[in-house]
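Visitor: Have a look at this one before I ask anything.
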Amino acid sequence: MPKVLVADNYPLSRIGLCNSIQTHIPNVELIETSCPLEVIDLLKERSFNLLILAVSNPGNNNIDLIKKIKLAHPKVPILLMCIYPENIYGYRAMSVGASGYVNRETPINDVVTAVKSILKGESYISSTLAKNIITRINKRSKTRSIELLSNRELQILQLI
């Protein structure tokens, strides 16, 4: 039975996500947490087939958290779920080791598809993110200025 750690600091969102996953993938064990620091401890204690990282505290840098998790637990697949645009955060998340990215506005069927794909050992890239990556590759010389920001600069921009 696959084990999935769901880290979301919003209880209603976390419960809804877990219920939806359990409905569509009944043979999965879900462990819940609301604290990013607890994620690190839980990963030390148990092995998981997937971490769904949906922590969205202001000032929290999920990209740095993914790097930290991947450094200590390189084999744990991570699905990042947040409110920020895929064209910026999806690409960054994937480039530091996430197995997938979904925006919080993504329909639940697509989230379930992402979870199933990652549990099968695949990555999940939405059609929006795939198009963006192709555009980025084709137009490297015309990169938008926001995409040139460092992770720290982007974090500061979120706070403004």
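Heads up, the sequence shown is in the numbering used here, so the first residue is 5 and it goes up one at a time. Note that the Cβ used here is the ideal one computed from N, Cα and C, for glycine as well.
What's the call for D68, buried or exposed, on a 16-neighbour Cβ count within 10 Å?
Guide: Within the sequence shown, residue 68 is the residue found at index 64, counting from 1. Exposed.
Visitor: Please report the distance separating the alpha-carbon of P15 from that of S38.
Guide: In the sequence shown, residue 15 corresponds to position 11, counting from 1. In the sequence shown, residue 38 corresponds to position 34, counting from 1. So the two alpha carbons sit approximately 7 Å from each other.
Visitor: Using DSSP's beta-bridge definition, name the partner residues of E36.
Guide: The count along the sequence shown starts at 1 and reaches residue 36 at position 32. DSSP, once it has assigned bridges, lists V10 as partnering E36.
Visitor: By Cβ distance below 8 Å, which residues in the same chain neighbour T117 in space, the five residues on each side in sequence not counted?
Guide: Along the sequence shown, one-based indexing puts residue 117 at 113. Cβ within range, chain order: Y128.
Visitor: Counting only runs of 3+ residues fully inside the region 77-124, write out the beta strand (DSSP E) ranges in chain order.
Guide: Taking only runs of at least 3 residues, the beta strand (DSSP E) segments lying wholly in the region 77-124 are 82-86, 104-107.
Visitor: Starting from I164, trace the alpha helix (DSSP H) in both directions and tell me its first and last residue.
Guide: Position 160 of the sequence shown holds residue 164. Counting along the chain, I164 falls outside any alpha helix (DSSP H), and DSSP gives it neither H nor E.
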